[in-house]
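Read through the structure below, which is laid out as structure tokens, and then see the notes.
In the working numbering, the protein residues as written are 9 to 391.
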């Protein structure tokens, strides 16, 4: 049974009205277990603040990748910030959010506004408590995010809007959440929610952004999964393992590679056929195997998909194996590649090099990087 929650991130960043570069920076990373989002407000504004914020975000990810826990990593960043206070060294307020793939999340805020939970009928500031990590005070909030709900992060350019005008100490998280509940709700698209809040910030500040003002909206929805098998394993004894893993994975299943398709057909004892009289003069023909949404040739098809993957939908007019695979990659949220590492002698042919076609083992990581840029979760399993 498919049960995958997907988290989308919408950024709406406005620099101080006197600057072209914003000192607020958002970074994120998706893994099969969780999504991590960090919003950092570099001290002051402009290029220097942007550099400081990027440094803090990069260091946080590096600490987690090095094996430190989420709380330990945040604590080390907060401790460095505390030590750098008043010095010409990287410093920034930040909010770090970690959401497990079941929707359970935690937010840790260092001198940044508390996040807001937006549900069907409500918007409220997350309940928080003070946590001491490395003798530095951090605000911690726990929550569950369900489909069609949002977590809103912002910098103090949003929460302190109106300071010196309608509000002595700024708009504040409570007034922001009340505004969302009364005037926006969660039925609107993320773009609309972010724009409406920024319009309000501008109005509160008498038509100017008096600080870097950033909104990060994290939305939750039921996701879809695309499983792609490409290439037989290096050891034929692993045929059964790769096929079983692939077929048992929930979601939609497609096959890339004629030898791979033959392997699957043998395993399932099903006939494999090829497209007759294909219309495309460029794309390789499709194959047909009962129960599979799409079956294609391997390396050439994958290379052609990579060549067009950045193209907008309106430029894709022909119906062929390449364009169908392109569309599926762009429309699915989680893409799992089951890749066999067997060497294909045909890939060493000089004609492949002459045509600029790279092997399956090189092109799949390139496609994966593009998909990650689009906000997809990509998993590659090798056999």
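No residue lacks a Cβ here, since even glycine has one placed at the ideal position from N, Cα and C.
Query: Whole-angstrom distance between residue 133 and residue 123, CA atom to CA atom; Result: 6 Å
Query: Bridge-paired residues (DSSP) for residue 207; Result: Paired residues: none, contrary to the question.
Query: Check: residue 34 C-beta below 7 Å from any heavy atom of the ligand ZN; Result: The model depicted lacks the ligand ZN and carries no ligand whatsoever.
Query: Whole-angstrom distance between residue 25 and residue 149, CA atom to CA atom; Result: 32 Å
Query: Residue environment, residue 206, which counts as buried when at least 16 other CB atoms sit within 10 Å; Result: buried
Query: Pairwise C-alpha distance: residue 162 and residue 95; Result: 25 Å
Query: For residue 391 and residue 349, believed in contact at Cβ under 8 Å, the rounded distance; Result: 7 Å
Query: Residue of 367, 341 and 52 minimising C-alpha distance to residue 39; Result: 341
Query: Stretch-stretch touch, CB-based, cutoff 8 Å, three pairs: the stretch 357 to 364 with the stretch 322 to 335; Result: no
Query: 7 Å CB neighbourhood of residue 225 in its chain, flanking five on each side removed; Result: 18, 158, 160, 198, 201 and 202
Query: Beta strand (DSSP E) runs wholly inside the stretch 238 to 320, at least 3 long, in chain order; Result: 260 to 264 and 302 to 304
Query: Cβ-based burial, residue 4 [other Cβ within 10 Å; buried from 16]; Result: For the chain, the structure presents residues 9 to 391; residue 4 sits outside this window and is missing.
Query: Integer-rounded CB distance, given that residue 253 should sit under 8 Å from residue 345; Result: At roughly 12 Å, the Cβ-Cβ gap does not stay under 8 Å, so residue 345 and residue 253 are not in contact.
Query: Backbone secondary structure at residue 235 - three-state DSSP; Result: strand
Query: Residue 156 versus residue 233 - alpha carbon distance; Result: 18 Å
Query: Residues near residue 283 by beta carbon distance below 6 Å, same chain, minus five either side; Result: 293 and 294
Query: Element boundaries [beta strand (DSSP E), containing residue 138]; Result: 137 to 141
Query: 8 Å Cβ cutoff met for residue 368 and residue 307; Result: yes
Query: Own chain residues within Cβ distance below 8 Å of residue 372, not counting five before or after; Result: 238, 310, 345, 347 and 388
Query: Through-space distance from residue 13 to residue 231, alpha-carbon basis; Result: 5 Å
Query: Sequence-distant residues of its chain with Cβ nearer than 7 Å to residue 208 (five each side left out); Result: 187
Query: Under the three-state DSSP convention, the category residue 19 falls into; Result: strand
Query: Distance between beta carbons of residue 152 and residue 111, contact taken as under 8 Å; Result: 5 Å
Query: Contact check, residue 48 vs residue 65, beta carbons under 8 Å; Result: yes
Query: Distance between beta carbons of residue 227 and residue 16, contact taken as under 8 Å; Result: 5 Å
Query: Limits of the beta strand (DSSP E) - the one that residue 186 falls within; Result: No beta strand (DSSP E) holds residue 186; the alpha helix (DSSP H) holding it covers 180 to 191.
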